[in-house]
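Heads up, the sequence shown is in the numbering used here, so the first residue is 5 and it goes up one at a time.
Inspection log for the structure reproduced underneath, given as structure tokens.
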Amino acid sequence: MNRQQLRARILAEFGASDSEVTELLNYNENIFESHKCKLPQTFPPVPEAHIAAWEKYVIEAEEIGSHEVLKNTFVQLQFPILSGISKTEEYRAATRQGGFASISKNVVNIVFKEPEKLQIKIHETLAGFIPVIIAGNRQDFVTLVQAITKQNEPQPVPDSMGACIVSGYNNWNRIYQYQKQWKAQQNNDSESEWSNEFKRLIPRKELYQDKFIILSTGPYSNVPANKLGLTKMQWQQMSLKIRLEHECTHYFTRRFFGSMRNNLLDELIADYRGIVAAIGSYRSDWFLHFIGLESFPNYREGGRLQNYRGEPPLSEGAFKILQTLVVCAAKNLENFDKQFFAQSRTLANELSMLLTLSKLTLEELASSQITHTLL
Numbered sequence: 005m006n007r008q009q010l011r012a013r014i015l016a017e018f019g020a021s022d023s024e025v026t027e028l029l030n031y032n033e034n035i036f037e038s039h040k041c042k043l044p045q046t047f048p049p050v051p052e053a054h055i056a057a058w059e060k061y062v063i064e065a066e067e068i069g070s071h072e073v074l075k076n077t078f079v080q081l082q083f084p085i086l087s088g089i090s091k092t093e094e095y096r097a098a099t100r101q102g103g104f105a106s107i108s109k110n111v112v113n114i115v116f117k118e119p120e121k122l123q124i125k126i127h128e129t130l131a132g133f134i135p136v137i138i139a140g141n142r143q144d145f146v147t148l149v150q151a152i153t154k155q156n157e158p159q160p161v162p163d164s165m166g167a168c169i170v171s172g173y174n175n176w177n178r179i180y181q182y183q184k185q186w187k188a189q190q191n192n193d194s195e196s197e198w199s200n201e202f203k204r205l206i207p208r209k210e211l212y213q214d215k216f217i218i219l220s221t222g223p224y225s226n227v228p229a230n231k232l233g234l235t236k237m238q239w240q241q242m243s244l245k246i247r248l249e250h251e252c253t254h255y256f257t258r259r260f261f262g263s264m265r266n267n268l269l270d271e272l273i274a275d276y277r278g279i280v281a282a283i284g285s286y287r288s289d290w291f292l293h294f295i296g297l298e299s300f301p302n303y304r305e306g307g308r309l310q311n312y313r314g315e316p317p318l319s320e321g322a323f324k325i326l327q328t329l330v331v332c333a334a335k336n337l338e339n340f341d342k343q344f345f346a347q348s349r350t351l352a353n354e355l356s357m358l359l360t361l362s363k364l365t366l367e368e369l370a371s372s373q374i375t376h377t378l379l
């Protein structure tokens with residue numbers, strides 16, 4: 005029996021029809037390239053090229069404030085959140101050509117509710133250092149997400165979403181710094197020569213594209229503190245730890261396994277790492293609260309699970325089977341975690357666990373027989 009047949013058998017055992025088996029085999033396909041993964045010999049790994057620029061932003065933020073640094077770095081913050089603005093010539097020119105100076109004085113900048121609560125940090129992860137923007141106000145978090153990832157369009161941000169990892173952001177500030185350095189080295193102020201150099205720069209994306217995380221400070225997955233038996237202060241502190249480690253796990257899988265998706269396997273692994281970072285061990289009941297399955301087989305509308313239904317969305321029947329799979333997978337993972345880390349948690353065995361999880365599918369994690377053989 006090959007792996008595909010094994011997964012199909014597990015799905016059938018969970019009650020999936022033939023058509024639902026086909027849907028879920030496609031949805032749950034593991035595309036992590038963990039078999040090709042070459043983990044670094046030392047930790048943290050060598051920083052990616054954009055980290056140097058962000059280290060300067062952190063220093064500048066200490067002098068003039070994070071709000072001013074962000075406004076000077078992100079051209080999108082020069083425009084309001086407004087329906088249709090991404091289609092205007094002025095917006096396109098500014099964001100595609102980095103034209104801060106060309107923006108009309110009539111354009112209204114984004115106004116943050118609590119700009120003093122914006123922070124810029126560099127966080128150390130298993131995948132190396134990554135910049136983090138923290139918004140202390142929920143609406144300011146939404147504004148940042150809409151400006152940077154939705155082209156300033158007022159597209160809805162789910163209440164259960166409290167973090168966002170941005171990859172491939174064209175940082176015009178870094179391009180300007182490159183231009184300045186190039187002209188000084190070449191002792192050449194010719195715009196035509198710079199135009200030729202700019203064309204050579206375009207394929208070298210590491211020199212101008214950034215990866216960073218945007219975080220909010222509210223309750224994780226919009227779950228109230230009392231649902232977990234915690235005080236608001238305790239839960240706020242833990243929420244930030246979970247949220248940060250969750251996004252850092254996405255960064256790790258993107259950098260070393262070649263994938264980062266809106267998919268339940270990704271979310272299960274990322275929440276696993278986040279919960280462990282916050283409390284030292286994994287609790288499946290917390291995870292089920294986060295995704296809206298704390299009262300399984302009932303689903304709570306507004307839980308994160310509905311954000312990961314896939315494209316095209318899973319049918320109602322397949323979605324119900326998916327819920328059963330994820331509940332079983334979470335509980336098996338809790339037992340697996342307890343036994344795997346019975347002695348201690350070290351960097352080496354945490355990496356080993358992450359590598360193991362990245363090689364499995366949701367069906368395999370949901371099968372207690374398969375997870376038992378991993379130990």
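Glycine residues also receive a C-beta, built at the ideal position from the N, C-alpha and C atoms.
- Query: With 16 as the cutoff for other CB atoms within 10 Å, does A346 come out buried or exposed?
  - Reply: The sequence position of residue 346 within the sequence shown is 342, counting from 1. It is exposed - the Cβ of A346 has fewer than 16 other Cβ atoms within 10 Å.
- Message: Suppose contacts are defined by Cβ-Cβ distances below 9 Å. Is K42 in contact with F260 by that definition?
- Response: On the sequence shown, residue 42 is found 38 positions in, with the first residue counted as 1. On the sequence shown, residue 260 is found 256 positions in, with the first residue counted as 1. For K42 and F260, yes; Cβs fall inside 9 Å.
- Expected contact under 8 Å - CB spacing of L337 and L326 to nearest Å: The residue you call residue 337 lines up with position 333 of the sequence shown. The residue you call residue 326 lines up with position 322 of the sequence shown. 16 Å between Cβ atoms; not a contact.
- Query: Apart from the five residues just before and just after K125, which ones in its own chain have a Cβ nearer than 6 Å to its Cβ?
  - Reply: Along the sequence shown, one-based indexing puts residue 125 at 121. These residues qualify, in order along the chain: V136.
- Message: Looking only at its chain, what residues have a beta carbon closer than 6 Å to the beta carbon of K245, apart from the 5 residues adjacent to it on each side?
- Response: Here residue 245 refers to the residue found at position 241 when the sequence shown is read from its first residue. So the list reads A281 and A282, once near-sequence residues are dropped.
- Message: Between which residues of its own chain and L130 is the CB-CB distance below 6 Å, once the five residues before and five after are set aside?
- Response: For the purposes of this step, residue 130 is identified with residue 126 of the sequence shown, where counting begins at 1. Taken in chain order, the residues that qualify are F256.
- Query: Along the chain, where does the beta strand (DSSP E) that runs through Q213 open and close?
  - Reply: Counting from one through the sequence shown, the residue named residue 213 turns up at place 209. Q213 -> beta strand (DSSP E) spans Q213 to S220.
- Task: Note down, in chain order, each residue of its chain lying with its Cβ closer than 6 Å to the Cβ of C332, except the 5 sequence neighbours on either side.
- Result: Numbered from 1 along the sequence shown, position 328 holds the residue referred to as residue 332. Contacts found: A370.
- Message: Using a Cβ-Cβ cutoff of less than 7 Å, which residues in the same chain neighbour I134 once the five nearest sequence positions on both sides are dropped?
- Response: In the sequence shown, residue 134 corresponds to position 130, counting from 1. These residues qualify, in order along the chain: H127, K215, F216, I217, C252 and Y255.
- Message: Can you tell me where the alpha helix (DSSP H) holding F133 begins and where it ends?
- Response: Looking up residue 133 in the sequence shown gives position 129. No alpha helix (DSSP H) holds F133; the beta strand (DSSP E) holding it covers G132 to A139.
- Query: Would you report the Cα separation of T77 and A97, rounded to the nearest angstrom?
  - Reply: Numbered from 1 along the sequence shown, position 73 holds the residue referred to as residue 77. Numbered from 1 along the sequence shown, position 93 holds the residue referred to as residue 97. In a straight line, the C-alpha of T77 is about 16 Å away from that of A97.
- Message: What ranges does the alpha helix (DSSP H) occupy inside the region 12-94, keeping only unbroken runs of at least 4 residues that lie completely in it?
- Response: 22-31, 55-68 and 70-77
- Message: Let's test the definition: count the other Cβ atoms within 10 Å of the Cβ of M242 and tell me whether it reaches 16, buried, or not, exposed.
- Response: As a position in the sequence shown, residue 242 is number 238, starting the count at 1. Label assigned to M242: buried.
- Message: With the cut-off set at 9 Å, would you say I114 and V79 are in Cβ contact?
- Response: Mapped onto the sequence shown, residue 114 falls at position 110. Mapped onto the sequence shown, residue 79 falls at position 75. Not in contact: I114 and V79 (Cβ atoms no closer than 9 Å).
- Message: Could you tell me the alpha carbon to alpha carbon distance between S372 and D22, rounded to whole angstroms?
- Response: As a working mapping, residue 372 is identified with position 368 in the sequence shown. As a working mapping, residue 22 is identified with position 18 in the sequence shown. One C-alpha to the other measures close to 23 Å.
- Message: I want to know whether the region 145-156 touches the region 78-93 - three or more CB-CB distances under 8 Å.
- Response: yes
- Item | Separation of H54 from L358, as counted between CA atoms | Within the sequence shown, numbered from 1, the residue matching residue 358 stands at position 354. Within the sequence shown, numbered from 1, the residue matching residue 54 stands at position 50. The alpha-carbon atoms of L358 and H54 are separated by roughly 25 Å.
- When the Cα of M264 is compared with those of E17, F36 and G233, which residue comes out closest? If you number the sequence shown from 1, residue 264 lands on position 260. Per the Cα distances, F36.
- Message: Taking 6 Å as the limit between beta carbons, can you name the residues of its chain near S87, skipping five residues before and five after?
- Response: Taking the sequence shown and counting its residues from 1, the one referred to as residue 87 is at position 83. Same-chain partners within the cutoff: P158.
- Near Q123, which residues of its chain fall below 6 Å by C-beta distance, leaving aside the five closest residues on each side in sequence? Sequence index remark: in the sequence shown, residue 123 carries index 119 (1-based). Cβ within range, chain order: S70 and I138.
- Message: Which residue wins for smallest C-alpha separation from S164, given the options L211, R208, H293 and W198?
- Response: The count along the sequence shown starts at 1 and reaches residue 164 at position 160. Answer by Cα proximity: H293.
- Where V115 sits in the DSSP three-state scheme: Here residue 115 refers to the residue found at position 111 when the sequence shown is read from its first residue. Three-state result, V115: coil.
- Indicate the three-state DSSP secondary structure (helix, strand or coil) for I126 in the structure shown. For this step, residue 126 is matched to residue 122 along the sequence shown. Looking at I126 - three-state DSSP - the assignment turns out to be strand.
- Item | Closest by C-alpha distance to P207, when choosing among G172, E271, R247 and G306 | Here residue 207 is taken as the residue at index 203 of the sequence shown, counted from 1. When each option's Cα is compared against that of P207, the closest is G172.
- Item | Proximity of L234 and L28 at Cβ, strictly below 9 Å | Working through the sequence shown from its first residue, we reach residue 234 at position 230. Working through the sequence shown from its first residue, we reach residue 28 at position 24. It is not a contact, given that the beta carbons lie outside the stated cut-off.
- Task: Express the C-alpha separation of N311 and N226 in angstroms, rounding to a whole number.
- Result: Position 222 of the sequence shown holds residue 226. Position 307 of the sequence shown holds residue 311. Answer to the nearest angstrom: the Cα atoms are 14 Å apart.
- Which runs of the alpha helix (DSSP H), 4 residues or longer, sit entirely within the region 157-221? 176-190 and 195-205
- Message: If contacts are defined as beta-carbon pairs under 8 Å, then D144 and E120 qualify, I think. What distance do you get, rounded to the angstrom?
- Response: Numbered from 1 along the sequence shown, position 140 holds the residue referred to as residue 144. Numbered from 1 along the sequence shown, position 116 holds the residue referred to as residue 120. Wrong, their Cβ atoms sit about 10 Å apart, outside the cutoff.
- Message: Between N32, P223 and G132, which has its C-alpha nearest T46's C-alpha?
- Response: Sequence index remark: in the sequence shown, residue 46 carries index 42 (1-based). Ranked by Cα distance from T46, the options N32, P223 and G132 are led by G132.
- Message: I'd like to know whether the C-beta atoms of E305 and I14 end up nearer to each other than 9 Å.
- Response: The residue labelled residue 305 in the question sits at position 301 within the sequence shown. The residue labelled residue 14 in the question sits at position 10 within the sequence shown. Going by C-beta atoms, E305 is not nearer than 9 Å to I14.
- Message: Using a 10 Å radius around the Cβ and a threshold of 16 neighbouring Cβ atoms, would you call V25 buried or exposed?
- Response: As a position in the sequence shown, residue 25 is number 21, starting the count at 1. Around the C-beta of V25, 16 or more other C-beta atoms lie within 10 Å, and the residue is accordingly described as buried.
- Item | When E315, L272 and F323 are compared against Y303, the one with the closest alpha-carbon | For this step, residue 303 is matched to residue 299 along the sequence shown. With distances taken between Cα atoms, Y303 lies closest to F323.
- Item | Neighbourhood of A57 by C-beta distance below 6 Å, restricted to the same chain and skipping five residues each side | Locating residue 57 in the sequence shown gives position 53, counting from the first residue. Hits under 6 Å: R178.
- Message: Between L205 and N32, how many whole angstroms is the CB-CB distance? I'm expecting something under 8 Å.
- Response: Indexing the sequence shown from 1 puts residue 205 at position 201. Indexing the sequence shown from 1 puts residue 32 at position 28. Cβ atoms of L205 and N32 stay farther apart than 8 Å, at about 40 Å.
- Query: So the alpha helix (DSSP H) N336 belongs to, where does it begin and stop?
  - Reply: Here residue 336 refers to the residue found at position 332 of the sequence shown. Note, N336: alpha helix (DSSP H), E320 to F344.
- Message: Can you find the residues in the same chain that come closer than 7 Å, C-beta to C-beta, to Y224, ignoring five residues on each side of it along the sequence?
- Response: The residue given as residue 224 occupies position 220 in the sequence shown. G166, S243, I246, R247 and F294, listed in sequence order.
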